[in-house]
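Trainee: Just so we're aligned, residue 327 is where the sequence shown starts under my numbering, counting upward by one. No residue lacks a Cβ here, since even glycine has one placed at the ideal position from N, Cα and C.
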Amino acid sequence: MNTGSLLLQQLINGLSLGAIYALIALGYTMVYGIVKLINFAHGDIMMMGAYAGYFVLVAMCKDGAGNSYTVTVPALLLAFLAAMVLCALLSLVIERFAYRPLRNAPRLNSLITAIAVELILQNVMRILPFVGPNPRQFPTMPLRNFAIGGGVSITNLQLLVIIASAVLMLVLNFIVNYTKTGKAMRAVSYDLGASSLMGISVNKTIAITFVIGSVLAGAGGVLYATAYPQIEPTMGYMPGLKAFVAAVLGGIGSIPGAMVGGVILGIAETLTKGFISSQYADAISFSILIVILLVKPTGIFGKKRTVKV
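#1: Would valine 493 pass as an interface residue toward chain D - the criterion being a Cβ-Cβ separation below 7 Å?
#2: Applying the 10 Å Cβ sphere with the 16-neighbour rule, what's the burial state of phenylalanine 472?
#3: For proline 427, count neighbouring C-beta atoms within 10 Å of its own C-beta (all shown protein chains included) and say buried if the count is 16 or more, exposed if not.
#4: Can you tell me the Cβ-Cβ gap for isoleucine 578 and glycine 628, rounded? I've got them flagged as a contact below 8 Å.
#5: Using the Cα positions of isoleucine 526 and leucine 363, report the straight-line distance between them to the nearest angstrom.
#6: Which of helix, strand or coil does DSSP assign to lysine 530?
#7: In whole angstroms, what separates the C-alpha of leucine 542 from that of threonine 396?
#8: With distances taken from CA atoms, which of Lys388, Leu418 and Met564 is nearest glutamine 448?
#9: Helix, strand or coil: how does DSSP classify threonine 481 here?
#10: Out of Gly340, Ala569 and Gln556, state which residue places its alpha-carbon closest to the alpha-carbon of phenylalanine 464.
#11: Alpha carbon to alpha carbon, what distance is there between glycine 547 and leucine 494?
#12: Look at glycine 357 and glycine 539 and say whether their C-beta atoms are less than 7 Å apart.
#13: Let me know the secondary structure DSSP gives glycine 340 once reduced to three states.
#14: Measure the alpha-carbon distance for serine 521 versus valine 514 and round it to whole angstroms.
#15: Can you grab the Cα-Cα spacing for the pair glycine 625 / isoleucine 501, in whole Å?
#16: Thinking just about the alpha-carbon of each residue, which of Ile446, Val382 and Thr398 is nearest to the one in alanine 409?
#17: Relative to the C-alpha of alanine 351, which candidate in Leu567, Thr505 and Pro559 has its C-alpha closest?
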């Protein structure tokens, strides 16, 4: 494969990976945009979604001998639904009992709580008898390659990831920009106190924001496990961190920024693997975070805000 073909192939791989990062990053940026909280447990909510999808696929797709799996489209759709519902319910519990009581506390308290929630989710999954600490193989659809030309190809799983991510992002864009709930979310993000005085239920709006972000994370968990078919209780840690980098890169608090930041980060990671070494992929990702904080701390789409004292 020549350099041009390799570049195109890595761009396709990066778009697929970046779409997953963008889905997870949207949860970070939506929550931060409203309550100024960096929810570091978000990656582990993604992990919970991956496990929900796993158990649905195992139950529906096991063959008669119980040795292999044939994943069908209806089973995969049900896995997505189960992951989204579980993550939505989990986010409601976390927001109500972990974050809401600390809403008026110093931000450091909420940050420490988010890290605590992350560790709780990981370790609860490790000790559950039907989960455990050992990795599990995630059932996936049979892999098919579609040739584009010049030795470049795209798989059916990559197409699934890209199309599903694009559809979910369009749905989110519609909700935020064209619904009453989205208008309330934008109002609360602009001025929480004034929104409350105007009759908007702040608690309900914040809870809905957590739910939407977690639904996207649940879908991202199933997509990530489909693309990289192995799951374990700590699987959400690194994708969660990279999604946070993507959110900062695009401008945390900006929904278009999270989408663009995720795609840029995914492409940067796959180009590093293709042209330098896979050992440097993580280092490049976090180097991007350092550079963006030094050069443009507000991110690509972020705006400077004046804080009155």
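Mentor: Answer, in terms of the structure:
#1: Considering every chain present, this structure includes no chain D. It has just one protein chain.
#2: It is exposed - the Cβ of phenylalanine 472 has fewer than 16 other Cβ atoms within 10 Å.
#3: Exposed: under 16 other Cβ atoms inside 10 Å.
#4: Contact between isoleucine 578 and glycine 628 holds: their C-beta atoms lie close to 7 Å from each other, under 8 Å.
#5: Computed Cα separation, rounded: 20 Å.
#6: Here lysine 530 carries a helix assignment [DSSP, helix/strand/coil].
#7: Their backbone Cα atoms lie some 25 Å apart in a straight line.
#8: Nearest C-alpha to glutamine 448: Met564.
#9: If DSSP states are grouped into helix, strand and coil, threonine 481 belongs with the strands.
#10: For phenylalanine 464, the nearest C-alpha among the options comes from Gln556.
#11: The alpha-carbon of leucine 494 is positioned some 13 Å away from that of glycine 547.
#12: Note that residue 357 corresponds to valine in the displayed sequence, not to glycine. In contact: valine 357 and glycine 539 (Cβ atoms closer than 7 Å).
#13: Reduced to three states, the DSSP call for glycine 340 is helix.
#14: Their Cα atoms are separated by approximately 6 Å.
#15: Roughly 24 Å separates the two Cα atoms.
#16: Val382 is the residue among Ile446, Val382 and Thr398 whose C-alpha sits nearest the C-alpha of alanine 409.
#17: The shortest C-alpha to C-alpha distance from alanine 351 to any of Leu567, Thr505 and Pro559 is the one to Leu567.
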